[in-house]
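In the numbering used here, the protein residues as written are 697 to 983.
Working notes, beginning with the structure itself.
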Amino acid sequence: MPALPAPDYPVDVRARLEADAKEVIARYPGARSALLPLLHLVQAEEGHVTRTGIRFCAELLDLTTAEVTAVSTFYSMYRRKASGDYQVGVCTNTLCAVMGGDAIFEDLKEHLGVGNGETTEDGAVTLEHIECNAACDFAPVVMVNWEFFDNQTPQSARQLVDDLRAGRSVAPTRGAPLCTFKETARMLAGFPDERPGAVAATGGAGPASLIGLRLAKGEAVPGRGADHVIAPRATADSAADTTGGEPPSGHPAQEPPAEHPSSHDAPQQTSASDEQHPAGPAAEEGE
697 MPALPAPDYP VDVRARLEAD AKEVIARYPG ARSALLPLLH LVQAEEGHVT RTGIRFCAEL
757 LDLTTAEVTA VSTFYSMYRR KASGDYQVGV CTNTLCAVMG GDAIFEDLKE HLGVGNGETT
817 EDGAVTLEHI ECNAACDFAP VVMVNWEFFD NQTPQSARQL VDDLRAGRSV APTRGAPLCT
877 FKETARMLAG FPDERPGAVA ATGGAGPASL IGLRLAKGEA VPGRGADHVI APRATADSAA
937 DTTGGEPPSG HPAQEPPAEH PSSHDAPQQT SASDEQHPAG PAAEEGE
């Protein structure tokens, strides 16, 4: 049988959420664009997106509950069932996996007695495997409520979840101090972190992740000689310059290419440009 309409929030909760929701909706030119932050807002209230939360979002944005459900079930950051105060995610993508992420995940499943997406009996920890968190130079990485815990081992990960369950203070490797999942969800809804010093405690990418950016800017990389600096790619005219300018690659010993700075950028033969092997009517953009 179809489920009955979802119950509404208590009057006082509804009034508080409506005030917050109107603040969020006012940030967007179209009300329905506020759906993603509103889903975080209702998740901050109950710890996951409930049928009541879906009804609330639908009513305020003039959407159907089916439309809201479609969005809330598409994104993995929206929880579909009650979960723990701390979402412990173990990265099992390629680099973290080979550096020990798979071993950490298997060890935590056994240590906590839960499977992927399941919560410990005390309601403290929900364990899940997650995809790349753009912290490969700190692999293997574990995240708790989206805060980084870098260079983990099975032993350190076990200590981490034990501390969380015991209520002991836990500090991320970098970034803001740890808070509960509900508090994190409210920040994701677009409300400021009002804890003293939390905003100033930022965490950026590591040195290995930033090397490509530094090279692209023509900066020297620590520990490398100047011959490893990659200058911005030169044009064909500058590549043919014989006045002693730096080759396009930036490496003093490397001669500039004879025809083109990069084979990846060289014009490729296509059916539209090869008159001897046409594939059909030439499109306007291929002429």
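Positions of the beta carbon are idealized from the N, C-alpha and C atoms, including for glycine.
Secondary structure of Arg710 (DSSP, three-state): helix.
Rounded to whole angstroms, the gap between the alpha carbons of Ala872 and Arg861 is 20 Å. Residue pairing by DSSP leaves Val837 without any beta bridge partner. The Cβ atoms of Val821 and Val784 sit closer than 7 Å to each other. A check of alpha carbon separations from Asn847 across Val707, Ser729, Asp889 and Val794 identifies Val794 as the nearest.
Pro868 places its beta carbon 7 Å or farther from that of Phe834. The residue from Cys875, Ala881 and Cys832 with its alpha-carbon nearest to that of Pro903 is Cys832. In the DSSP assignment, Glu824 falls within the unbroken beta strand (DSSP E) covering Val821 to Ile826. In this structure Ala799 does not touch Pro725 by the C-beta definition: roughly 48 Å separates them, more than the 8 Å allowed.
Contact check for His744 and Ala778: beta-carbon distance about 6 Å, within the 8 Å limit, so the pair qualifies. Counting along the chain, Gln783 sits inside the beta strand (DSSP E) bounded by residues Tyr782 to Cys787.
When beta bridges are read from the DSSP output, Thr815 appears opposite Thr822.
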